[in-house]
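Asker: This is the structure, below, for whatever I ask next.
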Amino acid sequence: MQYYSLHHNAPKVSFSEAVIKGLAPDKGLYFPETITPLPDSFFENIENLDEVEIGYQTIKQFVGDEIPETELKEILKDVLSFEFPVVDIAENIGTLELFHGPTMAFKDVGARFMARCLGYFNKNNENKVTVLVATSGDTGGAVAQGFLGVKGVDVVILYPSGKVSDIQERQLTTLGQNITALEVDGVFDDCQDMVKKAFLDTSITDYMQLTSANSINIARWLPQLFYFVFAYKQLKSKSKDIVFSVPSGNFGNICAGIVASKLGLPVKHFVASTNVNDTVVRYMNTEKYEPTASKATISNAMDVGNPSNFIRIQQLFNNNFNSLKGNFSAYSFNDVLTKEAMKEIYSKSNYIADPHGAVGYLGLKSYGLNENEYGVFLETAHPVKFLDIVENTLDLNVEIPKQIQKVLNKEKVSIKTNDYGKLKEFLLS
Ligand SMILES: *Cc1c(COP(=O)(O)O)cnc(C)c1O
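What follows is the structure in structure tokens.
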């Protein structure tokens with residue numbers, strides 16, 4: 001499998017090169033040259049396949065022959081070592097819980113897959129790779145945990161000071177070893193801009209191999225397609241048309257879901273649910289893509305003003321607006337509506353949703369399901385990760401799971417950073 005740059009001005013590369021580079025030299029995102037649908041028999045027999053086999057069958061064409069079957073299955077066994085249940089919360093609505101991994105957010109799968117692929121590609125190689133990543137919340141923790149102790153890889157995480165939750169901050173500042181957290185005096189977009197600048201700065205890249213672990217990296221992005229296939233396996237016997245609502249920030253997760261549908265997964269419609277960072281929602285109404293600065297919300301992992309993966313979604317629909325519109329809708333909700341939805345879900349179904357999941361739930365409501373449809377909203381983080389908001393909104397106490405308890409009594413270590421010069425100085429030191 002070859003990958004090309006969506007800016008069409010860089011050579012095609014193999015899977016390993018795309019993973020190691022992160023972004024193409026022309027600054028474009030890498031995109032698979034072909035997506036070949038799986039045979040119908042795969043979906044017909046899916047209930048007889050375990051998660052590792054499903055993962056292998058759906059990802060193997062994207063990896064190509066660079067990781068042999070046995071090793072790829074070993075990687076998947078390690079990555080997919082927890083549950084991905086769909087929980088019914090109403091007559092025709094369920095939530096796909098993606099928070100059973102080590103950092104209790106859905107990014108664990110992508111981060112772990114990428115870390116293990118990089119570890120595999122580096123195992124006979126003395127060259128160090130530095131993973132540079134900006135986070136608005138959960139990416140940092142998942143990447144830190146996924147890469148902890150991986151040989152030949154240093155991880156540098158930039159996060160906006162005071163704009164991530166206490167638990168998120170501890171997950172990325174308390175691990176030590178090969179993980180360093182830079183605490184940036186600014187918003188997420190400032191962190192992302194600094195990362196982009198470093199990738200283009202030859203005085204850094206001539207000296208070290210930098211790569212990204214944001215969902216621009218194909219090894220972070222593509223394995224997220226598993227979720228949609230795992231949900232289908234659980235819902236197939238309902239014989240309904242499935243509508244997925246995906247709480248979206250950088251639009252990597254929903255984009256991976258669309259890749260799954262291109263593999264032949266039966267999906268009726270995709271709903272992108274956002275907070276007030278509504279660049280894509282406005283685009284769907286006006287066909288004009290006008291990114292804005294990101295605004296802080298209670299669903300902070302989606303506070304993204306210029307979603308990097310939207311260009312991949314457009315490509316998946318051959319840049320045809322009408323074709324996109326037929327399969328994809330987007331809705332935006334403010335914090336007041338999000339809190340009301342959390343209350344509604346709790347009072348009607350006795351289910352505690354985090355703010356991101358609640359935005360997903362609202363997306364299904366706006367879409368308006370008919371009786372032949374079953375809507376699934378993705379619950380992208382455990383409610384404990386947004387403890388204050390969940391406890392105050394629902395007036396209850398959330399039990400703290402042991403994965404989280406472990407980090408709560410560790411001491412935060414971060415390096416304060418206020419400009420690009422400081423990042424550069426750190427990388428070159
Ligand atoms: C990252 C994240 C999102 C947004 O996912 P994208 O792939 O960036 O659209 C949603 N919810 C949570 C909890 C997240 O951590």
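Just so we're aligned: 370 in UniProt numbering is position 370 of the sequence shown, and the numbers increase by one with no gaps anywhere.
We put the CB at the ideal spot given by N, CA and C, even for glycine.
Which residues bound the beta strand (DSSP E) around Ala-90?
Answerer: Note, Ala-90: beta strand (DSSP E), 86-90.
Asker: Taking only heavy atoms of ligand 1 into account, decide whether any of them is closer than 7 Å to the Cβ of Lys-295.
Answerer: False, no ligand heavy atom lies under 7 Å from that Cβ.
Asker: Starting from Ser-366, follow the alpha helix (DSSP H) in both directions and report where the run begins and ends.
Answerer: Start and end: 355-367.
Asker: Do three or more CB pairs link the segment 231-241 to the segment 8-25 at distances below 8 Å?
Answerer: Because the criterion of three Cβ pairs below 8 Å is not met, the segment 231-241 and the segment 8-25 do not touch.
Asker: Count the other C-beta atoms from every protein chain shown that fall within 10 angstroms of the C-beta of Glu-169, then say buried if there are 16 or more, exposed otherwise.
Answerer: With 16 or more Cβ atoms within 10 Å of its Cβ, Glu-169 is classed as buried.
Asker: For Leu-378, does the three-state DSSP call read helix, strand or coil?
Answerer: Of the three classes helix, strand and coil, the one that applies to Leu-378 here is strand, per DSSP.
Asker: With C-beta atoms as the reference, is Asp-303 less than 8 Å away from Asn-334?
Answerer: No, the Cβ-Cβ distance between Asp-303 and Asn-334 is not below 8 Å.
Asker: My output table needs one value for Pro-160: the three-state DSSP class, helix, strand or coil.
Answerer: In this structure, Pro-160 counts as strand in the three-state DSSP scheme.
Asker: Can at least three beta-carbon pairs, one atom from the segment 251-260 and one from the segment 302-319, be found at a separation below 8 Å?
Answerer: Counting Cβ pairs under 8 Å, three or more are found: they touch.
Asker: Taking Thr-180 as the reference, give the member of Gly-152, Ala-198, Leu-38, Gly-140 with the closest Cα.
Answerer: Looking at the Cα atoms, Gly-140 is the closest of the given residues.
Asker: In the DSSP output, which residue or residues are listed as bridge partners for Ala-330?
Answerer: Answer is Ala-272.
Asker: Do you know how far the Cα of Leu-263 is from the Cα of Leu-38?
Answerer: Near 5 Å, if we compare the C-alpha coordinates of Leu-263 and Leu-38.
Asker: Short check: CB of Phe-147 to CB of Asn-178, under 8 Å?
Answerer: Contact flag set, yes.
Asker: Check for me: the alpha helix (DSSP H) holding Ser-245 runs from which residue to which?
Answerer: Here Ser-245 belongs to no alpha helix (DSSP H); instead the beta strand (DSSP E) covers 241-247.
Asker: Are the segment 116-136 and the segment 146-162 touching, with three or more C-beta to C-beta distances below 8 Å?
Answerer: Contact holds: three or more Cβ-Cβ distances are below 8 Å.
Asker: Can we count Asp-166 as close to ligand 1, meaning its CB is less than 7 Å from some heavy atom?
Answerer: Asp-166 Cβ: outside cutoff for every heavy atom of ligand 1.
Asker: State the beta-bridge partners of Lys-416 as determined by DSSP.
Answerer: Paired residues: Glu-183.
Asker: I want to see whether chain D comes within less than 8 Å of Ile-75, judged by CB atoms only; does it?
Answerer: The displayed structure is made up of one protein chain only, and chain D is not part of it.
Asker: Closer than 7 Å by C-beta to Arg-116: which residues in its own chain qualify, once you throw out the five before and the five after it? Chain order, please.
Answerer: Cβ neighbours of Arg-116 beyond the five flanking positions: Ile-75, Asp-78, Val-79.
Asker: Where does the unbroken beta strand (DSSP E) through Ser-212 begin, and where does it stop?
Answerer: Per DSSP, Ser-212 belongs to the beta strand (DSSP E) from 209-212.
Asker: Tell me, please, which residues DSSP counts as bridged to Thr-95.
Answerer: Answer is Val-87, Phe-377, bridged to Thr-95.
Asker: In chain order, what residues of the same chain lie with their CB nearer than 6 Å to the CB of Asn-320, ignoring the 5 residues before and after it?
Answerer: Excluding sequence neighbours, Asn-320 sits near nothing in its chain.
Asker: Using CA atoms only, rank isn't needed, just tell me which of Tyr-289, Ile-389, Val-243 is closest to Leu-96.
Answerer: It is Val-243.
Asker: Nearest to Asn-122 by CA position, among Val-153, Arg-112, Asp-138, Gly-149, is which residue?
Answerer: Ranking the options by Cα distance to Asn-122, first place goes to Val-153.
Asker: Answer with buried or exposed for Lys-416, where buried requires no fewer than 16 other C-beta atoms within 10 angstroms of its C-beta.
Answerer: By the neighbour-count rule (16 or more Cβ atoms within 10 Å), Lys-416 is not buried but exposed.
Asker: What does the alpha-carbon distance come out to for the pair Asp-206 and Leu-175?
Answerer: C-alpha separation (whole angstroms): 29 Å.
Asker: When you compare the CB positions of Phe-328 and Ala-260, do they come within less than 8 Å of one another, or not?
Answerer: Not in contact: Phe-328 and Ala-260 (Cβ atoms no closer than 8 Å).
Asker: Can you tell me whether Ser-215 sits near ligand 1, meaning its C-beta is under 7 Å from at least one heavy atom of the ligand?
Answerer: It does: the Cβ of Ser-215 is within 7 Å (strictly closer) of some heavy atom of ligand 1.
Asker: Considering only the alpha carbon of each residue, which of Asp-26, Gln-2, Gly-22, Glu-17 lies closest to Pro-32?
Answerer: Cα-wise, what sits closest to Pro-32 is Gln-2.
Asker: Can you tell me whether DSSP reads Ser-203 as helix, strand or coil?
Answerer: Note: Ser-203 maps to helix in three-state DSSP.
Asker: How about the segment 85-96 and the segment 342-361: do they share at least three Cβ pairs that are nearer than 8 Å?
Answerer: A contact exists between the segment 85-96 and the segment 342-361.
Asker: With hydrogens ignored, establish whether the beta-carbon of Gly-249 is closer than 7 Å to any heavy atom of ligand 1.
Answerer: Indeed, a heavy atom of ligand 1 lies less than 7 Å from the Cβ.
Asker: So what does DSSP say about Val-398, is it helix, strand or coil?
Answerer: Coil.
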